[in-house]
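Chemist: Okay, here's the structure, questions in a sec.
Quick look at the structure:
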């Protein structure tokens, strides 16, 4: 999902993921007549994730890479090229993201990582859809959209709206912070056999009343249950609340959880 990296006082990188963020940024720049240049640099993030990621990265970039704090970055040399490396990534296991600037250095870096990590059993992979639900890692466009506020997504603690003068949507965020959200994302366990792929929202009911929706779900072999992420009304979001979920016409029992599984 989108991440902003402040390279200097007047230069930012914003990863747009699979969203329409680039169009939004250009719209803000044009609408506010800002003196900025918005373009797409030749930069590709490469994720190094897992419990052995610190060891692998230290072998390639030196031990100083271990000192990068969560969601902070440093600049490190690789074959004479400066590379921005952040402690971030789309997993709960921890790791790094390397911002590879220029296509010519991509394969040398890839080969160096695999050679250095041969005894660590490094492998190519992709984000783990089950683990992200177990960990409560949200997916923009699925679990939340631009219709939702940060407070509905459990991100209110990151909104310092009192000092964010000029922030777009500040007044609305102040109002929500004062009144509180009427719905919020919650972890939900779904009973029964492994659920099918959640390719559309599944309604949540308490009796005959719709009180929310499941937006992501999967069978978890580690926890032996169907794990899910849902948006639930405040009247029914307390842990232990028993609900029903409509999965493509099939009703299942569902229970709101206190915390995500990871």
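In full-length UniProt numbering, the protein residues as written are 1 to 262. All C-beta atoms, glycine included, are put in the ideal place defined by N, C-alpha and C.
I'd like the span of the beta strand (DSSP E) that includes residue 53, first residue to last.
Modeler: For the purposes of this step, residue 53 is taken as residue 53 along the chain shown, with counting starting at 1. Residue 53 -> not in any beta strand (DSSP E); alpha helix (DSSP H) instead, spanning 53 to 61.
Chemist: Closer than 7 Å by C-beta to residue 69: which residues in its own chain qualify, once you throw out the five before and the five after it? Chain order, please.
Modeler: Along the chain shown, one-based indexing puts residue 69 at 69. Closer than 7 Å at the Cβ level, and outside the excluded window around residue 69, lie 87.
Chemist: Output yes or no for whether 8 Å exceeds the beta carbon distance between residue 181 and residue 219.
Modeler: As a position in the chain shown, residue 181 is number 181, starting the count at 1. As a position in the chain shown, residue 219 is number 219, starting the count at 1. Not in contact: residue 181 and residue 219 (Cβ atoms no closer than 8 Å).
Chemist: Let me confirm a value: residue 73 is counted as buried when at least 16 other C-beta atoms fall within 10 Å, else exposed. Which label applies?
Modeler: Here residue 73 refers to the residue found at position 73 when the chain shown is read from its first residue. By the neighbour-count rule (16 or more Cβ atoms within 10 Å), residue 73 is buried.
Chemist: Any chance the segment 85 to 101 sits against the segment 38 to 50, with 3 or more Cβ pairs inside 8 Å?
Modeler: Yes, since at least three Cβ pairs between the segment 85 to 101 and the segment 38 to 50 fall closer than 8 Å, the two stretches touch.
Chemist: Residue 253: buried (16+ other C-beta within 10 angstroms of its C-beta) or exposed?
Modeler: In the chain shown, the residue the question calls residue 253 occupies position 253. Looking at its Cβ environment, which holds fewer than 16 other Cβ atoms inside 10 Å, residue 253 is exposed.
Chemist: For the 8 Å Cβ check, are there 3 or more pairs between the segment 94 to 114 and the segment 54 to 61?
Modeler: Yes, they touch.
Chemist: Checking 8 Å against the spacing of the C-beta atoms, do residue 185 and residue 257 come in under that value?
Modeler: Residue mapping note: residue 185 aligns to position 185 of the chain shown, counting from 1. Residue mapping note: residue 257 aligns to position 257 of the chain shown, counting from 1. Cβ distance not < 8 Å, so residue 185 and residue 257 don't count as in contact.
Chemist: State the CB to CB distance for the pair residue 204 and residue 232, rounded to an integer number of angstroms; the pair is presumed to be in contact (CB under 8 Å).
Modeler: Translated into positions along the chain shown, residue 204 becomes position 204. Translated into positions along the chain shown, residue 232 becomes position 232. Rounded, the Cβ-Cβ distance is 7 Å, consistent with contact.
Chemist: If residue 245 and residue 168 are in contact, beta carbons under 8 Å, what's the gap, nearest whole angstrom?
Modeler: Along the chain shown, read from residue 1 onward, the residue named residue 245 stands at position 245. Along the chain shown, read from residue 1 onward, the residue named residue 168 stands at position 168. That belief does not hold up - the Cβ atoms of residue 245 and residue 168 are roughly 35 Å apart, past 8 Å.
Chemist: What's the gap between the Cα of residue 152 and the Cα of residue 176?
Modeler: The count along the chain shown starts at 1 and reaches residue 152 at position 152. The count along the chain shown starts at 1 and reaches residue 176 at position 176. So the two alpha carbons sit approximately 9 Å from each other.
Chemist: Ignoring anything shorter than 3 residues, give me the beta strand (DSSP E) runs that lie fully in the segment 165 to 193, in order along the chain.
Modeler: With a minimum length of 3 residues, the continuous beta strand (DSSP E) runs that stay inside the segment 165 to 193 are 183 to 190.
Chemist: Below 7 Å, is the gap between the Cβ of residue 194 and the nearest heavy atom of the ligand SAM?
Modeler: No copy of the ligand SAM appears in this structure; indeed no ligand is present at all.
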